[in-house]
Structure formats: C-alpha cells, structure tokens
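Enquirer:
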Amino acid sequence: MRLMGRDLVALLLFAGFAAVPLLANLLQDPFLLVIATRMLAFAIAAMGLDLVLGYGALVSFGHAAYLGIGAYAVTILMRLGVYDIGLHLLAGIAAAVVFAVGTGAVSLRTRGVYFIMITLAFSQMAYFFFVSFSALGGDDGASLPQRSTLFGHDLLENDLWLFWLALGLLIGLFLVCRAIVGSRFGRVLCGARENPQRMQAIGFVPFGYQLTAYVISGAITSIAGVLLANQAEFVSPALMNWHRSGELIVMVVLGGIGTLSGAIAGAVLALLLEETLAGFTQYWKLWFGLFLVGIVLFAPGGVQGLVARIKLQIGSRR
Amino acid sequence: MKRMSFVIAALLASTSISALPALAEGVKVGLMFTLSGPAAALGEQGRNGFQLAVAQMGGLGGMPAEVVVVDDEQKPDVAANKARELVERDNVDFVVGPIFSNILMAIHKPVTDAGKFLISPNAGTSNFAGADCNPNFFVTSYQNDQSHQVMGAYAQSQGFQNVFLMAPNYQAGKDSLNGFKRSYTGGVVAEVFTPLGQLDFSAELAQIAAYQPDAVFTFMPGGMGVNLVKQYRQAGLENIPFLSAFTVDESTLPGQKDAALGFLAGANWAPDIDVPESKAFVAAYEAAYGAVPGSYAMQAYDAAQLIDSALRKVGGDMSNADALRSALEAAEFKSLRGKFAFGNNHYPIQNFYLTQAIKRDDGKYQTSIVQTIFEDYQDTYAADCKMK
Amino acid sequence: MTNLFLLQLLNGAQLGVLLFLIAAGLTLIFGIMDFINLAHGVLYMVGAYVMASFAMLTGSFWLALGLTVPAMLICGLLLEFTVFRALYARSHLDQVLATFGLVLVISEGVKILWGSAPLTVPMPDLLSGSVGLIGPLKYPVYRLAILVVGLASALGLYVLITQTRIGMLLRAGASNREMVSALGVNVGRLFAMVFAFGAMLAGFAGAIVAPILSVDTGMGESVLILAFVVIVIGGIGSIRGAFMGALLVGVVDTMGRSFGPIVLRMIMEPAAAGQLGRTLAPMLVYILMAAILFARPAGLFGRRAE
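Going down the list, the sequences are from chains C, U and B.
The numbers in this note's numbering rise by one with no breaks, and the one at position 100 of the first sequence is 100.
To convert, take the position in the second sequence, counting from 1, and add 1000; that gives this note's numbering.
To convert, take the position in the third sequence, counting from 1, and add 2000; that gives this note's numbering.
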C-alpha cells in the first residue's frame, strides 16, 4: 500500500517535469528547461545515492566522485574523437564500476562514521587527481567542444532534446531501482541494514550485497555526471568537491531516505529553493541553511515524513 | 548556426520559444565578477569601477543602462551556468567579466556562441589572444603574460642569476611563469606551483630560505598575495628582492600594509599615473567607495567607456552586430591609462610600468610608478590570430 | 638539504598542533556524544573573526586574545543550547544535515557581519620577527610560539583527562554513556561543557592563526576536512589519537608538498617528477588515511569498530 503511495509521488513528479516545456513556452522563459535538466540530473544522482544510503544505511560522503567520473568520461572520449552519448554513458558506467569495486571493497571493511570518512577520502583523492591533471584543464576544467551526439545527430544541442533524454533516463532508472529494491537482493540489503548479525546467521554475507549495491549506486550517479557535462558543456573538478557530496546527501534526506521518489523530490526541492532564494537575496545560503536546520529540528524524515505525519493526523481525525 | 534535420525542426516548432525582441530604448549589461571568497576584493573593485562609470556617464551610449551583477564565486562550473543564464534568460547585450582566467575559459563559449559580446576587464588568456581569438571577444586589460614579462625584463636588467619562481597551479599561474621567462634568460633555481587558494606558504618560504636566490618572482592574486607577503616578511626574507604581478596592488595592500612597502610589481597603470582623467577617476572612486582603486577598477571603468563609445558611434542601434563590432574595435574613448588601442586580436596595445608599494601621507597604501618598461606593447600571441 | 628538512619538520609540527586544537574538540564531541559536527570548522573561522574585531577595537593582540577565548566559550554554550542539544538523540544523517545547514548559516552570517574581504590581525611586537636557526635559516618567532602553545595545550588536555575527575567522567562517557548517566552524573551538563570547551579550543586556534593567515570566509572548510581526517586516523574519541593523527597529518602534508617532487626527481625526469609530485602531494593525506583505515578500521587508537 505504501509502495503505491510512493509510486504516485514519482508519477506526479514525472508529470510535473513533462509539463516544463509547455510552461517554458507559456512563460517565454527558455531557461526553465535548463534548470529542469539540472534538476533531472541531480535527481538521478540522488536516487543512486539513496540506494546505498536509504536501503543499505551506508552513508557515502563521496558520491560526487561519480558525478565527476561520468563527466570526465565525456571529456576524455570527446578528446579521442568519440562523440556518441551511448558510448559516453557506457564509458562513464564502466569507469564508475571499476572505481566503486576498488574503493567499495576497502570502505565496506569499516562501519558508521569511519565509512563516511573513508568514502570522503576516496572522493578527495579522485578530486585532487583531476585537479592536478593539467591535460584536462586541471583545476580550471575545460569547455566541451560540443554536446554528445545521439545516433550521429547533434540533436542534444537543443536544450529540449537534452531535457527529454534526461527525463527518459530518470524514469528508466527509477524503474530499474524500483525493481532492484523490490527484489530478493533488495530485501537482503534492507535486512543487512536492520540487523547484520541476523542476516549472517541465516546464511547471507552482507558484504557482497552491500558492495553490489554500492557499485550500482556509483554507476547510476555517473550517468548523472554524463548529463551534467552535456548540460553545462563544461567539466571541472568542482563537480566532485566534497560540498557536492554533502549536497547530494541533503537532497536525499530532504526528500526522505529509502523511498527513491523522495530522493527525486529532494533534488527538485533543493534546486528549486536555491533558484528562488537566490532570486530574493545574495545571502540565499543563509536561508537555505536555516531551512535545513529547521527541517531536522521540526520535520524529521524530510518532506515525505511531513506528508506522512499530516496524513496520519487527517487519518486519526476521521 | 547549428545544423538540424527537418523532422526535428518540425517537432520543435510546436514548442519553439521565440525570444522577445530587445527593447530599443535601453542597453542591458551583465557583470560577472568574483564577489565572494578570498578574492572577493578584486571583483568588488571591478564591479565598482564599472558602476561608477555608468553613474558618471548617466547610462551607456546616451541610453539608460540596466546592469545585472552576478557572482561567479570563483568557480568555473558555477560561472558557466550563470553566463548561460545571463545570455539566455536575462537576454543581456554585453557580458563584462570576469576577474579570473579559469572563469573566462568557462564563460567564453556560452556567451560568444549566443552571439553576444564578451568584454573581459581583467582576464586575458593566451589562447583567446592567439589561435582561438573571437570576433565577439574584447579585452580591456592586457594579455596575461605581459605584466610578468615586465618583471622578467626588470630581473634581466638587474642581472639576477638565480630566481625562485612561484605561482598557483592553474592556467594564469602557468602563463605568468612563462611570461616571466620569455624576457628573463638567467637561471631559475626552482619553479613551484601551489594549489590555488593556498594560504599558508610556510613550506615554500622554507625552500626560498634554503635556496637563498637573487630574487623571488611570484603571481598570487587576492588573499593568497596578502598572506604570502605578510609571511614573507615574518620569515625574515625581506633582503631577497620580491618581484610580483597582481600580488602587491590596491586590492591586496589594505591587508598587507607595511609588510609590502618597497615590493616591486609590473602593471599597466597605477593610481598616480600622469593622466588627468585618471586623477579624476581615482578621486571619484575614493570618494564613492572609501578605498584606493586598483587596475581591476580602472579596467572595468574603461570597459564601460568602451561600450559607451561604441554605442554612441552606432547611434544606439545594436541590431547590426558587425557595425557594433567595428565601433568597439575603434575604441574611441579616453582611456584612464592614456594611450590605448586594440590589436587585431582585440587585446590592447599599451604601456607597461614597474611599480612600487608606497604609503601615502593620509595613511593609505597604493602602488606608484617607478619607471616605464615597455611602450606601446602588444602581446606575442597576436600573430597567431587570424582576425585582421 | 638537512636544514630544509628541519625547517619543514617544524612547519609540519606547527600545522599539526593547530590541527590538534581543532581536532581535540571534534573528537571529544564525536566520541562522547556520538555526534557528527560539520560546523566545527566554522567555529575556528568565527574565532578568527571575533579575534580580528577585538583586535581592531582594543588595539592590543593580548587583550583581544583574552576576550576571544571566553567569547568563544559563550558562543559554544549558546549554540549547544539552541541547536545541538536537540540533535544528540538523532541519527548521524540528521546531524550531518543540520550541521551542514549550520555551516551555511554561520558562513553567510559572517559574510553579512564582516563583509567578504579578508581581514587581518596585526602581529604582537613581542612575537614578530624571526630567529636564526642554523646557518642562513630563520624561523618566525610567532610560528614557534604557536608550536609551544599547541604543545602546552595538548599537555594540559592530557593532564585534564587522565588526572582529574572531569577527565574520568569524559573517559567513562566515551566508552559507556548510559553507565555514566546511570551513575547519577548530569549528562546534559557534561555534554554542554564538552561542547563549549571544544568550541573554545577551535576558536582559540582560529584566533592564534589570524596574524599569519588572513581571516576569510573559506578558512573553516579546508581545516574541517583535515580535522576529520585527523580524528579518523587517530581513532574517534581518543585525545592521544587526535594528537598523533594531527602531527602525522601536519608533517606528511608539509613534507609531501616540498619533498615529493625532490624525491621523485631521483627516479624520473624533472618535468614528469614535478607533474607527478603536484598530483600526489594533495592526495597524500587521504592516501595515508585510507591505508590506515584499511589496516585498522577503527583508526590508530580507536577502541572498537562498532
């Protein structure tokens, strides 16, 4: 029953996204598309993070590294003369899988706060690696010569096509994540979150499951990186700064962890807040920060928690 | 124009978004400067300089001017998005900015691709001066290497044999050391690149102390320069000549104070330059903002004058981009630094000076011209630019 | 070369004791209250700003320092009372979120109050200048003073924790919180005290670096991440670990920056060595941390892996 409610939220969000081109047209504001595309990309990243954070209780403070890996896959392949988005996605995912297997295997030896910090350490390593990689622009990053091509056509040069591609990817990946979470694999992952000893006792070794989840999560986040690189036509290590990792966590927690649709809602909400607050005052971060503190103090569980409590109240009144 | 197949064009037609025609009775300028973080002082100078010019001239080209100010946060990725927003959402006619070269690299494509004019009041990278020069890109400052070449020439003339070179690890940092070495042929004891934004230079100062070079040349804009100069004094290294560019100037002197006195730098202008317009500008700036303007403010002021002169020349008609471009190339305004002209690559041809940090009678600090090093100097990359 | 080595060792140790002052509070808050405080770095920054203001008001370094320390103690108590108290019982995630928000609030608040241009604090005459070490090498007196003050603080903390009743409670609290509260200790007051004390130490660190670094809004962040690295290397909750970790991080970071390229030059061509050295130097601290956690998942002096 609850799952259906979450699907409803996701459906509403997707429908809302689908209405953006129309809205942009009505308001004569083509920039809405650009904002929406960024939201979609971050929604994908946040959803990827939710897979380990929400379902595995593994707080990765280094997921920005995967954004960077995806984005740099685009840069590097373009330098080699490969422009196809399909190949960019494949390369990004492959690189993310390699990085996630290596770092995940080490990180998962630790628990709790130590896990948070070691994932941060690995992403900082990746960050500093690209910062000093001067052939790719180093700290400054580099503009892409063009956007990726789709089946040999430069359709994505049009913001609208890029938007539809991002929305398609988000919906597709949402379905994939939903299938993973609902599968036996997903249930073992949740079990390991709730009680690792008991899972071990009934014959499951959590390590393998957690590592697999971590790798899938990294791969999904790298897809967001490919999209972000295309949206901005610019790739720099700033994409993998630890602040970004923090923002991804904020998005997931804001929307409510362990619900997938919550992560999407959180990404939309965070970017929407940023856009609107920045329109009012140059000190928008102050208000954004106050909002975060307020959410934690007065509305634990994020937006979905709030909705759930309101529902409960209405329900009890009946 | 990008190629687009028929089917797609038809598909898009249903949702096509036509931009509103620019209103003829005004000009809209987007200012992009670094207004937060350790280097915010530089961006504030640029913004103030531009706004002062607009206020004094009562608009631009005799028309009311709307100025949109955005902060690039010194982050290229943020800047790329905000530049896109300026040209696509705010629909500005000109973008003026940025301070830092890495930001310029990020915003150049989105602005010029959109067919808008980008005028840099500070950053002037080598690629856009040479092979990648662009008809819609103008620079009112200098090419990055030039002020460093000034110091190289000075080091050469002093007969220094062992110079210690240090710069932040980014494009402008590398440009600076290359510029220095282009006019200095003596020995280099070490070439050190520090992470951009590093504030504690103890490790590097220890190296300088160990090498005991004839002189140190460095490029550390903003907060980095404030710290380096103070720590340099504290480490007792003041007997080793400190040569720099954009490290000891009006943006950093309020923080460095006495620690910087006597330190030498290369520049295209100083507040005490003997140009009447400049004297009036310095007085007006100090009255308005309570601080001594540096070259950042001067170059932004000139950028506003440049736009103003071009708009007057075309009679406020911005519909013909080619005419507007020719008017910009003519650069018919009185630059605060005296002589000013654009080369074929839209980078200036101007004089360069050796300057020294001094304390004024009223207790404020500024740089002062010691001698002219280069006259009517053009950058070395202009030959690679295909524009005429 | 040996002279340079000695000088860099001093620099590394100086960075180390500074990190220790920040990490000490962080590790106590972490260990005793099981609380992730991302806002600890901004307390360091606030300390520096408060110091700059007092220095401007009073015109005296010593007076300003004397005012900054109690001001930061009060600031810590205030923060504990308004925000942190409500977060102790929450999950790590909620703590990360709230303190991340607090980082934004305080950073922007500082920007509104003090402006975004860097501030400076004049150096006290007593400690300015430099002393000769060996040969032509000089070292700033002020940095030596930081080293001494940092070591003295470490010693003081060590005595406080191993020899006093409060220290005993702290140690007990770090290993078994429930037991301490069951024994009738006012845990709420103990927590508030630890928190305020940590804020004071971080603020003190910010205040004493103000004369050598300019005071700006970004200073808290870089230090926060390094402080986290320190306490994770040392083992969360362990003051001794924080001290060893801080020195290790300080020395490795400083040495890596200056000797990395020199060492590499012995085995490869100079240009490649310079490039690789610049690539590796900033990663070194994180490689060290990953290696230590790989060998000892709870850090060098950590007691348990949960």
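Heads up, the beta-carbon is just placed ideally off N, CA and C, and yes, glycines get one too.
What separation, rounded to the nearest whole angstrom, lies between the Cα atoms of P1135/U and K1388/U?
Expert: Looking at the two C-alpha atoms, the distance is approximately 10 angstroms.
Enquirer: So, for R1312/U: in the same chain, excluding its five sequence neighbours on each side, which residues have a beta-carbon less than 7 angstroms away from its beta-carbon?
Expert: So the list reads G1061 and G1062, once near-sequence residues are dropped.
Enquirer: Between the beta-carbon of I1119/U and the beta-carbon of F1033/U, is there less than 8 angstroms?
Expert: Not in contact: I1119/U and F1033/U (Cβ atoms no closer than 8 angstroms).
Enquirer: Candidates V113/C, L167/C, D50/C and V296/C: which alpha carbon is nearest R38/C's?
Expert: Residue L167/C is the option with its Cα nearest to R38/C.
Enquirer: If contact means a Cβ-Cβ distance below 9 angstroms, which residues of the segment 62-91 of chain C contact chain U?
Expert: Answer in chain order: no residues at all.
Enquirer: Rounded to whole angstroms, what's the CA-CA distance from D1362/U to D1272/U? Just pull it up for me.
Expert: Going from the Cα of D1362/U to the Cα of D1272/U covers about 14 angstroms.
Enquirer: Applying the criterion that 16 or more other CB atoms from any shown protein chain within 10 Å of the CB defines a buried residue, is G2016/B buried or exposed?
Expert: Under this definition G2016/B is a buried residue.
Enquirer: With a CB to CB cut of under 6 angstroms and the five nearest residues on each side skipped, what residues in its chain are close to A2246/B?
Expert: G2016, L2019, F2020, A2023 and V2230, listed in sequence order.
Enquirer: Run the CB neighbour count on P1946/B, radius 10 Å, all protein chains shown included, and call it buried at 16 or more, exposed below.
Expert: It is not possible to answer for residue 1946/B, since the shown part of chain B is limited to 2001 through 2306.
Enquirer: If you follow the beta strand (DSSP E) that D1376/U is in, where does it begin and where does it stop?
Expert: From DSSP, the beta strand (DSSP E) with D1376/U extends over Y1365 to Y1377.
Enquirer: Run down chain U in chain order and give the residues with a C-beta less than 7 angstroms from the C-beta of G138/C.
Expert: Going along chain U in sequence order, the residues near G138/C (Cβ under 7 angstroms) are N1169 and Y1170.
Enquirer: Can you tell me which of A1265/U, L1196/U, Q1171/U and P1076/U puts its alpha carbon nearest to the alpha carbon of F1217/U?
Expert: Nearest C-alpha to F1217/U: A1265/U.
Enquirer: Write down every uninterrupted run of the alpha helix (DSSP H) in the segment 263-313 of chain C whose length is 4 residues or greater and which is fully enclosed by it, in chain order.
Expert: Counting whole runs of 4 or more residues, the segment 263-313 of chain C contains the alpha helix (DSSP H) stretches 284-298.
Enquirer: DSSP three-state call for I2208/B: helix, strand or coil?
Expert: Helix at I2208/B.
Enquirer: Starting from the beta carbon of G2173/B, find every residue of chain C whose beta carbon is closer than 7 angstroms, and list them in chain order.
Expert: Those do not exist, as G2173/B stays about 17 angstroms from chain C at its closest Cβ, beyond 7 angstroms.
Enquirer: Which residue marks the beginning of the beta strand (DSSP E) containing P2140/B, and which one marks its end?
Expert: Unbroken beta strand (DSSP E) run through P2140/B: K2138 to P2140.
Enquirer: Looking at the C-beta of E233/C, does it have a partner C-beta in chain U at a distance below 8 angstroms?
Expert: Yes, because at least one Cβ of chain U sits closer than 8 angstroms to the Cβ of E233/C.
Enquirer: Which whole-angstrom value describes the C-beta separation of S123/C and W284/C, a residue pair presumed to lie in contact below a C-beta threshold of 8 angstroms?
Expert: That pair is no contact at about 26 angstroms.
Enquirer: Using a 10 Å radius around the Cβ and a threshold of 16 neighbouring Cβ atoms, would you call R147/C buried or exposed?
Expert: Label assigned to R147/C: buried.
Enquirer: Please state whether DSSP places L2050/B in a helix, a strand or coil.
Expert: Note that residue 2050/B is Val in the sequence shown, not Leu. Helix at V2050/B.
Enquirer: If you compare alpha carbons, which of Y66/C, G56/C, Q28/C and Y83/C is closest to E233/C?
Expert: It is Y83/C whose Cα lies nearest to the Cα of E233/C.
Enquirer: If we ignore side chains and look at the alpha-carbon of each, how far apart do G1037/U and N1102/U end up?
Expert: Cα-Cα distance, rounded: 15 angstroms.
Enquirer: Counting only beta-carbon separations shorter than 8 angstroms, does R1089/U have a partner in chain C?
Expert: Taking Cβ atoms only, chain C reaches closer than 8 angstroms to R1089/U, which makes this a yes.
Enquirer: Y1353/U by DSSP, collapsed to three states: which one?
Expert: DSSP places Y1353/U in strand when its eight states are reduced to three.
Enquirer: Check whether the segment 1038-1051 of chain U touches the segment 1284-1304 of chain U, taking contact to mean three or more Cβ pairs, one atom from each stretch, closer than 8 angstroms.
Expert: Contact between the segment 1038-1051 of chain U and the segment 1284-1304 of chain U is present, because at least three Cβ pairs lie under 8 angstroms.
Enquirer: Would you mind reading off the limits of the alpha helix (DSSP H) that contains K1174/U?
Expert: Taken as a continuous stretch (DSSP letters only), the alpha helix (DSSP H) holding K1174/U covers Q1171 to S1183.
Enquirer: Do V2232/B and G2307/B count as a contact pair if the criterion is CB distance below 8 angstroms?
Expert: Chain B is shown from 2001 up to 2306; residue 2307/B falls before or after that span and cannot be answered.
Enquirer: Answer with buried or exposed for A1024/U, where buried requires no fewer than 16 other C-beta atoms within 10 angstroms of its C-beta.
Expert: Low local confidence applies: a pLDDT of 49 at A1024/U is under 50, so the model's placement there is unreliable, with the coordinate-based value given in what follows. So A1024/U ends up on the exposed side.
Enquirer: Let's see if you can read the secondary structure: which residues bound the alpha helix (DSSP H) around E2080/B?
Expert: Element bounds for E2080/B: F2061 to T2082.
Enquirer: In the DSSP assignment, the alpha helix (DSSP H) including N1345/U goes from what residue to what residue?
Expert: From DSSP, N1345/U is part of no alpha helix (DSSP H); its letter is neither H nor E.
Enquirer: DSSP beta-bridge partners for A142/C?
Expert: The partner list for A142/C (beta bridge, DSSP) reads V235/C.
Enquirer: If Y1353/U sits next to G1046/U, beta carbons under 8 angstroms apart, how far is it from one beta carbon to the other, in whole angstroms?
Expert: The Cβ separation is near 20 angstroms, so there is no contact.
Enquirer: Quick one: is R2278/B buried, meaning 16 or more other Cβ sit within 10 Å of its Cβ, or exposed?
Expert: Under this definition R2278/B is a buried residue.
Enquirer: If you follow the alpha helix (DSSP H) that A1259/U is part of, which residue opens it and which one closes it?
Expert: No alpha helix (DSSP H) holds A1259/U; DSSP gives it neither H nor E.
Enquirer: Please tell me whether D2216/B has its Cβ less than 8 angstroms away from any Cβ of chain U.
Expert: Cβ-Cβ to chain U under 8 angstroms: yes for D2216/B.
Enquirer: Taking the straight line between their C-alpha atoms, what separation do you get for L2063/B and F2191/B?
Expert: For L2063/B and F2191/B, the distance between alpha carbons rounds to 29 angstroms.
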